[in-house]
């Protein structure tokens with residue numbers, strides 16, 4: 033493991049722990065069960081709150097150090113179902129496009145510096161399947177549970193056009209995001225109810 037991979041691994045662990053601590057804080061303080069209380073907390077950030085969240089979603093998509101499911105759940109819990117979904121969708125679409133563009137510009141070396149190599153190796157074989165990769169990619173973006181950020185980077189290694197990439201992201205992302213974020217939000221609220 034080279035130095036940049038060690039840094040990415042450390043940031044991933046640190047970012048995940050920070051998100052879990054933040055979620056536990058929200059749960060123990062009653063923010064997950066009381067949307068008005070959570071809105072009051074966010075109001076301290078004023079108009080910056082949505083922009084800060086968008087920046088977080090874009091960052092975690094381009095440099096996957098925090099699990100996207102956790103930040104998606106934070107968005108829905110923090111901003112409500114409608115705005116949380118919208119902010120998640122916008123941030124993830126922008127982040128996905130940036131990740132795709134970075135790989136188109138800098139190739140596999142960039143991906144090797146910012147991604148977990150075990151996960152990359154698990155999915156990189158799809159590149160050999162030609163057009164089947166595009167079908168797999170659309171399916172993986174459509175349903176929750178796949179590492180979308182890494183798959184967007186792998187897509188950047190193909191001859192896929194920006195137009196086709198954005199069509200897949202814009203059309204397939206909402207369904208998986210809705211299932212993932214709503215499911216995690218329900219789980220977080222259930223856990224918060226235990227406190």
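Numbering (the numbering used here), first residue to last: 33 to 227.
The C-beta atom is built at its ideal place from N, Cα and C for all residues, glycine as well.
Every value quoted in this text rests on a predicted model; they were computed, and no experiment measured them.
Rounded to whole angstroms, what's the CA-CA distance from residue 115 to residue 108? Just pull it up for me. Our two residues, residue 115 and residue 108, have alpha carbons roughly 7 Å apart in a direct line.
Over the uninterrupted alpha helix (DSSP H) stretch that includes residue 125, give me the two end residues. Looking at the DSSP string, the run of the alpha helix (DSSP H) that includes residue 125 is 100–138.
Looking only at its chain, what residues have a beta carbon closer than 7 Å to the beta carbon of residue 156, apart from the 5 residues adjacent to it on each side? 186.
Whole-angstrom distance between residue 183 and residue 135, CA atom to CA atom: One C-alpha to the other measures close to 11 Å.
Straight-line Cα distance separating residue 60 from residue 103: Cα to Cα, the separation comes out at about 18 Å.
Excluding the 5 residues preceding and the 5 following residue 169 in the sequence, name in chain order all residues of the same chain whose CB lies nearer than 7 Å to its CB. Excluding sequence neighbours, residue 169 sits near 183, 187 and 200.
Starting from the C-beta of residue 130, find all residues in its chain whose C-beta is less than 8 Å away, skip the five residues before and the five after it, and write them out in chain order. A distance below 8 Å between beta-carbons, with the five flanking residues on each side excluded, links residue 130 to the following residues of its chain, in chain order: 90, 93 and 94.
For residue 117, which residues of its own chain have a beta-carbon under 6 Å away from its beta-carbon, when the five flanking residues on both sides are left out? So the list is empty, once near-sequence residues are dropped.
Does the contact criterion of 3 or more C-beta pairs under 8 Å hold for the region 135–149 versus the region 160–175? Flag = no, the region 135–149 and the region 160–175 do not touch.
So, are the CB atoms of residue 132 and residue 111 less than 9 Å apart? Residue 111 sits away from residue 132, with the two beta carbons spaced by 9 Å or more.
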